[in-house]
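Notes follow the structure.
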Amino acid sequence: MSVSTNMESKNLPVVKSKNYARLPQVLEIPNLIQVQLDSFKWFMEEGIKELLQEVSPIKDFTGGKMELSFTGYEFRAPSHDVAECRQRDMTYQSNLYVRASLLIKETGEIKEQEVFLGEIPLMTGNGTFIISGAERVVVNQLIRSPGAYFTIPPEESGRRLCYAKLIPEHGAWLEFETSNKDVIWAKIDGRRKIAVTTLLRAISAEGDPEDALTINSDQDLIDLFKEDDDNPEHQYISSTIDKEPDSIRTKKESLIDIYKKLRPGEPPDGESAKSLIINMFFHPRRYDLGRIGRFKLNKRLEYEERGLHVTSRALKPKDLVEIIRKIIQINNEKITPDDIDHLGNRRVRTTGHLILNQFRVGLIRLERTIKERMSLQSDDPAPANLINNRPIIASMREFFGGSQLSQFMDQTNPLAELTHKRRLSAMGPGGLSRERAGFDVRDVHHSHYGKICPIETPEGPNIGLIGSLATYARIDSLGFIETPYRKVYHELENTSPKLIGRTLRQDITDSKKKVLVAEGTFIDETVAKKIAALSKTKVRIIPYASDEIEYFTADREMNKCIAQANAPLNIRDEFQEDRVGAIRSGKYVTEPPDRMDYMDVSPKQVFSVTTALIPFLEHDDANRALMGSNMQRQGVPLVKPEAPLIGTGMEKEVAKYSGQVIYAAEKGEVTSVDSKKIVIKSDGRKNEYNMTKFYRTNQG
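Under the numbering used here, residues 10 to 709 are what the sequence shown spells out, in order.
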């Protein structure tokens, strides 16, 4: 907390700040718009590359005439800078060129060309886009992560029966439900019910030989689950087999039964039924769990614990077997279901991923056009003749101009601008709608701790559906929100250099039980050498919070005991009290310091930047704090600015990352100042910083 006083000296106001903070700053405030910048950088460097590799090669409908591959790409420098685009109501964008290689199979000839694929709007250094002269922000979307989820819906009979859902990144959704009569049903894309035993018969002998499923009889199905389906009162697999018609006992009969339910009215035959199932679940182009979906599925089905390494992003027969096994285990109360609102089950689609998804839509349309042109081209085809960039341009324009997540930037004040870039929305394409969202999905969850602010959210119909990243939170490569913690040590190896400066918590004895170093001894270099000379052992010390920082997702921090940032520490960062307030698996506990695993880095890591600007927040009612955090964004700039009497120390960070303040890139000597620019000389180089004033904002 800082107190400011205005002093007049040579007619210039001087502001002196005093810091009354009780706790030292362990971790610097990160770049508050880094999420936006990193995400767009990933889109330009990795995202487009992966997508072009995914669609390559594009073959004609017969597969025997031509093959088009994308071998590389390049973004050209934009023809107009940001200031010019603002002034002339233009879009700040770059031209995307791809290197296309066309193989003509009859002659074996390869033609290579550089083809213009479309214009891609570029992100400015402030994390925004200039579209037709107006500044826009792409809001990060918080959605259900791909993977398998097991829940227990309310049941009239009172029995706790499992409902499971398998959500891919792209492809058909699979739902499983258990009836009161112990029958497990599957639904493909919400269509008619299919008995899971029919589905397992249909996919038997598919996939790689080493993990293919072998089902020749009803007994094979029963044996597959006999270890888990062991409740004599509720035999789930036997009940499901009994529910199947007698006409379904072979793989072919199962395939035809599924085909009839998915394609009613079409005449079924074994071959078309087989290709339908294979394409729907086992073809990588039609069904993609995604990197995140495969990671979550492997984790939930406990593959790593059993030494299994599955990397395929398409479905495997064993995945379905393990999902059904988990359903039976939950029905028999051997394991617990998932908490659907836990942040470990929700991921963030950042700006780069949202743009890439839209780019994929355009590329799929383009792929269809290329295939049509391949079948029509007869004489001297070339890559440029096959590629029509209109679908890409249209999809980009559609996203930036009309998407629910591409919004006019709120520029009422610098704080409003920064908060808009750090916003998380559960709405938008593939997300929730405010009409369907219930209370649970809107509510604060214990897994939000240090990741999503529990205070800042709109009042009204969007409450809980729009949130804000916590101050220190960041987003990992899979899209899960992480928060930092300090590592707490209670014991160290006797050879560790970290022992110096610590205090022993128990006597160190030799093989004859003679005390070499007594409990309570302060370890200096001499004592540390004496301890290091002993055979390898662990040395117990008074627990202390180190300066080592580790980032944890909501899943990883489960079962860890995390001390609060305001726990009293001495000058050596050792815990002073016998019992410490902490959080473990979402519950607040008071435990001895030697049970602490980690410690918060700051009391403000729980809250968003806006909430952290409220002085004496801990004495504020939560409802009023919510209103205060929202209303700070509505304050208009003063004609004659005046320093506040009291601040929280976050004001400087907000100004710095809002984009409204010019910051020197490096230190140097100010050689020139006028009303338009500042010139700073640094290491023989001159850096010019142009003043931005009198440009139109979205609000004015």
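Built from N, CA and C at the ideal position, the CB exists for glycine as well.
Beta-carbon gap between residue i and residue j smaller than 8 Å
i	j	result
Val618	Thr518	no
Met567	Leu622	no
Asn135	Gln420	no
Ser103	Leu131	yes
Leu230	Ile250	yes
Leu363	Val147	yes
Lys547	Glu500	yes
Ser456	Gly353	yes
Gln150	Ser404	no
Ser248	Thr207	no
Tyr494	Tyr607	yes
Arg642	Leu424	yes
Met383	Lys114	no
Asp439	Leu414	Residue identity differs from the one stated: residue 439 is Gly in this sequence, not Asp. No, these two residues do not count as a Cβ contact at 8 Å.
Ile551	Arg604	no
Ile140	Leu329	no
Ile571	Ala591	yes
Ile401	Leu375	yes
Lys665	Ile42	no
Tyr458	Val615	yes
Ile67	Ile379	yes
Ile540	Val524	no
Phe417	Ala143	yes
Ala652	Val24	yes
Ile509	Glu534	yes
Residue i - partner residues in DSSP beta bridges
i	result
Gly81	Arg108
Gln62	DSSP output for Gln62 lists no bridge partner at all.
Met132	Phe138
Trp194	Glu186, Ala204
Tyr672	For Tyr672, which the question treats as bridged, DSSP gives no partner whatsoever.
As assigned by DSSP and simplified to three states, the class of residue i
i	result
Arg495	strand
Asn307	helix
Ala143	strand
Ser434	strand
Tyr268	helix
Asp556	strand
Ala446	coil
Phe561	strand
Asn639	helix
Leu372	helix
Arg334	helix
Ile38	coil
Tyr597	strand
Glu164	coil
Leu329	helix
Gln244	coil
Tyr729	The structure shown does not extend to residue 729, since the chain is modelled only from 10 through 709, so no value can be given for it.
Tyr704	coil
Ser477	strand
Thr535	helix
Asp251	helix
Arg694	strand
Val615	helix
Val148	coil
Arg283	The residue you asked about is not Arg; residue 283 is Lys in the sequence shown. The answer is helix: DSSP assigns Lys283 an H, G or I state.
His179	strand
Asp609	strand
Cβ neighbours of residue i in the same chain (closer than 6 Å, five flanking residues each side left out)
i	result
Trp51	Gly361
Ile671	Tyr698
Glu280	none
Asn696	Ile689
Gln585	Pro577, Asn579
Arg210	Ile224, Lys260, Ser263
Cutoff 7 Å; reference residue i; Cβ partners in own chain excluding five residues on either side
i	result
Ile472	Arg451, Thr466
Glu164	Leu170
Asn503	Ile540, Ala541, Leu543, Lys545, Thr546, Val548
8 Å Cβ shell around residue i - same chain, five flanking residues per side excluded
i	result
Leu32	Ala574, Asn575, Ser611, Pro612
Lys269	Pro277
Pro39	Tyr481, Arg483
Ile475	Arg432, Leu433, Ser434, Ala435, Met436, Thr466, Pro467
Any 3 or more C-beta pairs closer than 8 Å across the region 183 to 192 and the region 238 to 248: As far as the Cβ criterion goes, the region 183 to 192 touches the region 238 to 248, which means the pair count is three or higher.
Counting beta carbon pairs with one atom in the region 173 to 188 and one in the region 299 to 318, are three or more of them shorter than 8 Å? Yes, the region 299 to 318 touches the region 173 to 188.
With contact counted as at least three CB pairs below 8 Å, one residue from each stretch, are the region 332 to 346 and the region 285 to 301 in contact? At 8 Å Cβ cutoff, the stretches do not touch.
Are at least three pairs of beta-carbons, each pair with one atom in the region 49 to 64 and one in the region 684 to 693, less than 8 Å apart? No, the region 49 to 64 does not touch the region 684 to 693.
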